[in-house]
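As C-alpha cells, the structure follows; a few thoughts come after it.
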Amino acid sequence: MQSASDRHEYPAHWEADVVLRDGGTARVRPITADDAERLVSFYEQVSDESKYYRFFAPYPRLSAKDVHRFTHHDFVDRVGLAALVGGEFIATVRYDRIGADGTPAHAPADEAEVAFLVQDAHQGRGVASALLEHIAAVARERGIRRFAAEVLPANTKMIKVFTDAGYTQKRSFEDGVVRLEFGLEPTDRSLAVQYAREQRAEARSVRRLLTPGSVAVIGAGRTPGGVGRGILGNIRDAGFTGRLYAVNRAFEEERTELDGVPAHRSVREIDGTVDLAVVAVPAEQVPEVVTECGRHGVQGLVVVSAGYAESGPEGRERQRALVRHARAYGMRIIGPNAFGVVNTSPEVRLNASLAPEMPRPGRIGLFAQSGAIGIALLSRLHRRGGGVTGVTGVSTFVSSGNRADVSGNDVMQYWYDDPDTDVVLMYLESIGNPRKFTRLARRTAAVKPLVVVQGARHGGAAPQGHPVRATRLPHATVSALLRQAGVIRVDTITELVDAGLLLARQPLPAGPRVAILGNSESLGLLTHDACLSEGLRPLPPLDLTTAASPADFRAALSEALADDACDAVVVTAIPALGEGAAGDAALAEALRAATVASPAKPVLVVHVELGGLAEALSAATSTAPHTNPHASPHATPPVTGDRTPAPAETPSVPPEQTPAPAGKPADGTHLIPAYPAAERAVRALAQAVTYARWRRDTAEPGKVPEYEDVDEKGAAELIERLLARGEGLTLGSEETCELLGRYGIHVHRALPAPTPDAAVAAARALGRPVALKATAPHLRHRADLGGVRLDLADEEQLRRAYEELTGLFGTPAELRPVVQAMAPRGVDTVVRAVIDPAAGAVLSFGLAGAATQLLGDTAHRLIPVTDRDAASLIRSIRTAPLLFGWRGSDPVDTAALEELLQRVSRLVDDHPEVVAVSLEPVVVAPRGLSVLGASVRLAPPPARDDLGPRTLPAY
Numbered sequence: 000m001q002s003a004s005d006r007h008e009y010p011a012h013w014e015a016d017v018v019l020r021d022g023g024t025a026r027v028r029p030i031t032a033d034d035a036e037r038l039v040s041f042y043e044q045v046s047d048e049s050k051y052y053r054f055f056a057p058y059p060r061l062s063a064k065d066v067h068r069f070t071h072h073d074f075v076d077r078v079g080l081a082a083l084v085g086g087e088f089i090a091t092v093r094y095d096r097i098g099a100d101g102t103p104a105h106a107p108a109d110e111a112e113v114a115f116l117v118q119d120a121h122q123g124r125g126v127a128s129a130l131l132e133h134i135a136a137v138a139r140e141r142g143i144r145r146f147a148a149e150v151l152p153a154n155t156k157m158i159k160v161f162t163d164a165g166y167t168q169k170r171s172f173e174d175g176v177v178r179l180e181f182g183l184e185p186t187d188r189s190l191a192v193q194y195a196r197e198q199r200a201e202a203r204s205v206r207r208l209l210t211p212g213s214v215a216v217i218g219a220g221r222t223p224g225g226v227g228r229g230i231l232g233n234i235r236d237a238g239f240t241g242r243l244y245a246v247n248r249a250f251e252e253e254r255t256e257l258d259g260v261p262a263h264r265s266v267r268e269i270d271g272t273v274d275l276a277v278v279a280v281p282a283e284q285v286p287e288v289v290t291e292c293g294r295h296g297v298q299g300l301v302v303v304s305a306g307y308a309e310s311g312p313e314g315r316e317r318q319r320a321l322v323r324h325a326r327a328y329g330m331r332i333i334g335p336n337a338f339g340v341v342n343t344s345p346e347v348r349l350n351a352s353l354a355p356e357m358p359r360p361g362r363i364g365l366f367a368q369s370g371a372i373g374i375a376l377l378s379r380l381h382r383r384g385g386g387v388t389g390v391t392g393v394s395t396f397v398s399s400g401n402r403a404d405v406s407g408n409d410v411m412q413y414w415y416d417d418p419d420t421d422v423v424l425m426y427l428e429s430i431g432n433p434r435k436f437t438r439l440a441r442r443t444a445a446v447k448p449l450v451v452v453q454g455a456r457h458g459g460a461a462p463q464g465h466p467v468r469a470t471r472l473p474h475a476t477v478s479a480l481l482r483q484a485g486v487i488r489v490d491t492i493t494e495l496v497d498a499g500l501l502l503a504r505q506p507l508p509a510g511p512r513v514a515i516l517g518n519s520e521s522l523g524l525l526t527h528d529a530c531l532s533e534g535l536r537p538l539p540p541l542d543l544t545t546a547a548s549p550a551d552f553r554a555a556l557s558e559a560l561a562d563d564a565c566d567a568v569v570v571t572a573i574p575a576l577g578e579g580a581a582g583d584a585a586l587a588e589a590l591r592a593a594t595v596a597s598p599a600k601p602v603l604v605v606h607v608e609l610g611g612l613a614e615a616l617s618a619a620t621s622t623a624p625h626t627n628p629h630a631s632p633h634a635t636p637p638v639t640g641d642r643t644p645a646p647a648e649t650p651s652v653p654p655e656q657t658p659a660p661a662g663k664p665a666d667g668t669h670l671i672p673a674y675p676a677a678e679r680a681v682r683a684l685a686q687a688v689t690y691a692r693w694r695r696d697t698a699e700p701g702k703v704p705e706y707e708d709v710d711e712k713g714a715a716e717l718i719e720r721l722l723a724r725g726e727g728l729t730l731g732s733e734e735t736c737e738l739l740g741r742y743g744i745h746v747h748r749a750l751p752a753p754t755p756d757a758a759v760a761a762a763r764a765l766g767r768p769v770a771l772k773a774t775a776p777h778l779r780h781r782a783d784l785g786g787v788r789l790d791l792a793d794e795e796q797l798r799r800a801y802e803e804l805t806g807l808f809g810t811p812a813e814l815r816p817v818v819q820a821m822a823p824r825g826v827d828t829v830v831r832a833v834i835d836p837a838a839g840a841v842l843s844f845g846l847a848g849a850a851t852q853l854l855g856d857t858a859h860r861l862i863p864v865t866d867r868d869a870a871s872l873i874r875s876i877r878t879a880p881l882l883f884g885w886r887g888s889d890p891v892d893t894a895a896l897e898e899l900l901q902r903v904s905r906l907v908d909d910h911p912e913v914v915a916v917s918l919e920p921v922v923v924a925p926r927g928l929s930v931l932g933a934s935v936r937l938a939p940p941p942a943r944d945d946l947g948p949r950t951l952p953a954y
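For the sequence shown, position 85 (counting from the first letter as 1) is numbered 84 according to numbering that gives the first Met the number 0, and the numbering increases by one without interruption.
Shown next as C-alpha cells:
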C-alpha cells in the first residue's frame with residue numbers, strides 16, 4: 000500500500016478497533032497513499048473553525064502537496080493514523096520526528112510534534128483521546144520518548160485532551176501559542192486515566208444494547224413459530240417500553256403490521272432511529288442485514304443466527320467477517336448463536352431472548368456463554384427466588400453465544416456501576432483475556448459480589464467460536480488467581496445460585512462464627528458438622544425441640560442476632576405435622592420479625608422439603624402484600640429439589656406489578672434465603688465469609704517494599720548481555736547465582752563432583768559437614784528416592800556415600816553428583832515464578848516433596864506481590880501448619896520467607912525478560928532460610944496489551 004520511497008512495510012499490527020466514549024466503535028489504522036480521496040472528503044466536512052485551530056490560519060482546502068504529505072509516511076519518522084467509521088475518516092493524528100532545533104530529524108532523535116484533527120460531528124466522542132493512546136504507543140515503538148504540541152489558547156478541547164491524558168507534562172506560552180511537552184512512558188496516572196475511560200466506554204457500549212429506545216426484530220416470520228417470530232412475541236409480551244418493529248424482506252408490500260407490531264420489509268423503511276436489531280435470519284443473509292443496519296444508524300446487534308464458528312472452520316471465517324463488518328459501522332454484537340438479552344427494569348422491560356417468560360425483576364446480573372445454562376440459571380433463580388419480604392430476581396441477563404465481540408469483560412464493566420445490580424453471577428466456558436478479567440474482577444468485587452462458575456475446567460476444549468488466549472497455567476492456578484482478585488469461585492450452577500441468593504438478600508458476615516438453632520437436633524448437628532468442614536466456627540446448636548412454636552423461633556433468633564459472639568445465624572426447620580401452609584406462613588413471619596431488630600447479620604434457613612416453608616418465605620402476606628389483586632396466590636411454585644419447571648410454570652410479572660427491589664425491601668429488612676440441605680446453606684455462607692474477609696483486607700492494600708540492596712540497573716545489564724547469546728536460554732549455576740544475588744537472593748554454592756576425589760576437594764573448599772546430591776533429572780529434588788546423603792562430616796563418610804550412590808543409581812555421568820555445604824535444619828519449601836502469556840506474571844509457593852505435588856497443595860499470587868500478599872500466600876496452603884510449629888515443632892522464620900517471596904516478585908516485575916524462576920528447595924529454619932537450588936530462564940518478554948492503548952480483541 001506504500002510507494003517505493005517509503006522505508007518500512009505497512010505496519011498492520013497498528014490496526015485496531017476501539018470503543019469510543021459514547022459506546023460506539025471506530026477503526027484505527029495507519030494512513031496510506033491510497034487514502035487521498037478519503038482525506039480530501041474528510042477535510043471538506045471539517046468546519047472552518049476546526050481548520051483554523053489545526054493550522055493557525057484560514058485553510059479552506061488541502062493542496063495536492065498537502066494531500067501527498069499527509070498520506071505518504073515512512074512509518075518511522077512520519078506517521079499518520081486515522082479513525083474510521085463506515086469506511087470514512089472521522090479523525091486523524093500524525094507525528095513528525097524533530098531534533099533539538101525543532102526541524103525534521105531521524106533517530107536517535109527521540110522527540111516528535113503531534114497534531115490532531117477531528118470532524119466536528121464526532122467531537123466529544125473521545126476520538127482524540129483514543130488516537131492519542133495509539134499514536135503514543137506507535138511512537139514508543141519507534142524510539143520516540145516525548146511529544147510536543149502547539150495549540151491555540153482558544154482550542155480548549157484539544158488542550159484538555161493532552162492535559163487529561165495523565166502523562167508528565169511541561170507547559171509554556173510563547174507568541175500566542177500554548178506549547179505542551181510530555182513524556183510517553185506510561186505512568187500510574189496515565190494508566191488510571193486509560194482504565195477509567197475504558198470502563199466508561201465499554202459500559203456505555205453494553206448499556207446501548209440493554210436499554211434501547213427502539214428494537215427491530217429482523218427475521219420475524221410471517222407464520223407463527225420460528226425463532227424471530229418467537230423473540231418478537233417475547234419482547235411484545237414483556238411490555239417493552241420502547242418502539243418495536245418486525246422486519247422481514249419476505250413480507251407482502253401491503254403488510255403494515257405483524258401481531259400488532261409495525262412491519263417493514265427492510266430496516267431502511269423504518270421512519271426513525273433503531274437502537275437495537277435482533278438478527279434471526281440464516282447466516283448467509285446476515286451480511287446484507289448488517290449493511291442495512293449500519294447505514295441506518297443502528298447502534299448494536301443481537302445475533303441469534305447460528306452457522307458460525309460453532310459449525311467449523313468455514314463458520315469461523317464467517318464469524319470473523321461478521322465482527323469486522325459490524326465494527327466498520329460502529330456497532331457492537333452480542334452473539335452470534337446467542338440466546339439473547341433481558342432487562343427487567345420498569346423503564347425498559349426488554350426480553351429480547353428465547354426465554355418465553357420475563358424473569359422476575361431483581362438485583363442479580365446474570366451472564367452465561369451457554370444458552371442452555373442460561374435457561375437453567377433463569378429457571379433456578381425463579382424457583383428459588385422467594386424471600387420473607389418479596390422475591391429475588393434478575394436485573395439484566397446476557398447470553399453471549401459465541402462471544403465474538405461483547406464478552407463477560409464488557410458486561411462486567413457495565414455492572415460495575417449499574418445501580419440496579421447488587422450481585423453478579425457468571426457462567427463462563429472460557430476466559431478470552433485472563434489478565435484483563437482479573438483486573439476488572441478485582442475492581443468489581445470491591446463494590447459488589449462476583450460469583451463465577453467455569454465449564455470445561457478439567458482439560459476440556461473451549462467451545463468453538465470462543466477466541467481464547469493460550470495459557471500454560473492449570474485450571475487450579477487460574478482459579479487461585481481469580482480468588483485473589485475477589486472472585487467467588489464455585490463448581491456448579493447449583494452453588495452459583497445458592498451463593499447468589501444469599502449475597503443478594505443478606506448482609507456480609509463480619510466473621511466466621513455461626514449460631515445454629517432449630518427444631519431438629521439431628522439437622523442442627525449436620526449443620527454444625529458442615530460448618531466445621533467449611534472452616535467456619537460454629538457455636539453449639541440450640542435445639543428448640545419439635546414442639547417449638549413460631550414465637551419460640553422468633554425469640555431464639557432475636558437472642559442469637561443480639562449475641563456479639565456470633566456473626567451469622569443458620570435456622571434449621573422441619574415442618575410440624577398437620578399445620579400445613581398456615582404454620583409455614585407463621586414461621587416465615589416470625590423469622591422476618593426477628594431480623595428487623597438486627598439487620599446487620601446474615602440469616603439462612605435450612606428446611607426439610609415436606610412443607611411449604613420456601614413458598615411461605617416468599618408469599619407471607621403480612622410482609623409482602625400483593626400489588627396486583629388479581630395475581631394468583633400460587634404464583635411461586637414450591638421448591639422441589641432440582642426439578643426444572645416447564646416454561647409454562649414460570650410466571651411472568653405483569654407490567655402493573657412492581658415488587659420492591661430484591662434484597663432491599665421498602666421497610667429496610669433483608670430477604671431470608673432458604674436451602675433444602677444444610678451443606679448447601681453452609682457452603683454458601685462460607686463463601687460469603689471468605690468474600691467479606693477479602694473485602695476487609697483489600698480496604699487496606701499492602702505495599703510493595705523497597706530493598707536498598709537491590710541492583711536493578713546491574714541486573715538489567717546482565718540480562719541484556721546474557722540474552723545477546725540467543726532468543727531464550729536457561730542460565731548456568733554461576734549466572735543464576737549472579738543474577739539472583741543482584742536482588743539479595745543468595746544461593747548456596749553447589750560444586751560438581753564427577754569423581755570421589757573431586758567430591759573431597761569440594762567439601763574441603765566449602766567446609767564440612769556437607770551434603771552429597773544426585774542432580775540427574777529423575778532424582779533431582781527427590782530425597783525420598785535416596786539420591787541425597789546429609790551431614791557428611793569427614794572424608795571417609797563422603798567417599799562411602801559416593802560409593803553408595805553410584806552403586807545404587809549408576810555412574811557419576813548418569814547421576815551428576817554435587818557437593819553442598821549443610822544448611823540449618825528446617826522445612827523444605829519451593830518458590831516459583833513464571834510469566835504466562837495470557838494471565839501475566841504468577842508467583843507460586845508450596846512445601847517441597849512428592850506429597851505436595853500429588854495433592855496440588857500450591858498457592859499462587861499475581862505479581863507484583865505486596866507484603867499482605869506474601870503473608871497470605873504462605874498461609875493459604877493446606878500444609879501451612881508445618882511452618883508454624885505443628886505438633887510441637889519449632890516455628891520457622893516466616894518473615895524471612897515472606898521477604899524472599901517479595902524479592903522474587905520484584906525481580907520478575909522489574910525484568911519481564913525473566914520468564915521463569917525456580918528456587919527448590921528453600922529450607923526455612925527457625926532463624927533465616929537457605930536457598931539450596933535455583934534455576935532461571937530468560938527470553939524476550941511476551942507482549943503486554945494491558946500497558947498499550949485501548950483495543951477490542953482483534954478479528
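Glycine included, every Cβ here is placed at the ideal spot set by N, Cα and C. In this text, all values refer to a predicted model and were calculated from it rather than measured experimentally.
Where residue 342 is concerned, the enclosing beta strand (DSSP E) starts and stops at 339-342. DSSP places residue 790 in the uninterrupted beta strand (DSSP E) bounded by 787-791. Here residue 250 is not bridged, per DSSP, to any residue. Judged by DSSP in its simplified three-state form, residue 42 adopts helix.
Residues 767 and 768 of the same chain have their beta carbon placed closer than 8 angstroms to that of residue 792, with the five preceding and five following residues left out of the count. Considering only 116, 196 and 266, the residue with the shortest C-alpha distance to residue 158 is 116. Excluding residues up to 5 positions away in sequence, 573 lie with their Cβ nearer than 6 angstroms to the Cβ of residue 607 in the same chain. Taking a cut-off of 8 angstroms for Cβ pairs, the stretch 233-252 and the stretch 170-186 do not touch, as fewer than three such pairs fall below it. Around the CB of residue 850, fewer than 16 other CB atoms lie within 10 Å, so the residue is classed as exposed.
DSSP lists 145 as the beta-bridge partner residues of residue 182.
Taken in chain order, the unbroken stretches of beta strand (DSSP E) that lie wholly in the stretch 35-119 and span 3 residues or more are 77-84, 87-97 and 110-117.
Linking residue 409 to residue 439 through their CA atoms gives a straight-line distance of about 9 angstroms. By the CB criterion at 8 angstroms, residue 434 and residue 839 fall inside the cutoff.
Annotated three-state conformation of residue 872 is helix, per DSSP.
Residue 757 sits in a helix when the DSSP states are folded into three classes. The Cβ-Cβ distance between residue 451 and residue 486 falls below 8 angstroms. Within the stretch 285-320, the complete alpha helix (DSSP H) segments of 4 residues or longer fall at 285-295, listed in chain order.
In summary, residue 899 is buried, with 16 or more beta-carbon neighbours lying within 10 Å of its beta-carbon over all protein chains present.
With a threshold of 16 other beta carbon atoms within 10 Å, residue 596 falls short and is exposed. It is roughly 11 angstroms from the alpha-carbon of residue 892 to the alpha-carbon of residue 929.
Here the C-alpha atom of residue 243 lies approximately 41 angstroms from the C-alpha atom of residue 11.
Following the DSSP letters along the chain, one finds residue 538 in no beta strand (DSSP E), marked with neither H nor E. Within its own chain, the residues whose Cβ lies closer than 6 angstroms to the Cβ of residue 71, once the five positions on either side in sequence are excluded, are 32, listed in chain order. Here residue 808 really is in contact with residue 773; their C-beta atoms are around 6 angstroms apart, less than 8 angstroms. In the three-state reduction of the DSSP assignment, residue 23 falls in the coil class, being assigned neither a helical nor a strand state. In this structure residue 190 is exposed. Its beta-carbon is surrounded by fewer than 16 other beta-carbon atoms within 10 angstroms. Straight across, the Cα-Cα distance linking residue 204 with residue 592 is about 43 angstroms. Residue burial is scored here from C-beta neighbours: residue 446 has fewer than 16 other C-beta atoms within 10 angstroms and is therefore classed as exposed. For residue 521, the uninterrupted alpha helix (DSSP H) run begins and ends at 520-532, by DSSP. Look at the beta carbons and you see the stretch 335-345 touching the stretch 359-369: at least three pairs across the two are nearer than 8 angstroms. The three-state secondary structure of residue 413, taken from DSSP, is helix. Annotated as proximal: residue 923 and residue 828, with beta-carbon spacing under 8 angstroms. Apart from sequence neighbours up to five positions away, the residues of its chain that approach residue 755 with a beta-carbon distance below 7 angstroms are 798 and 801, ordered along the chain.
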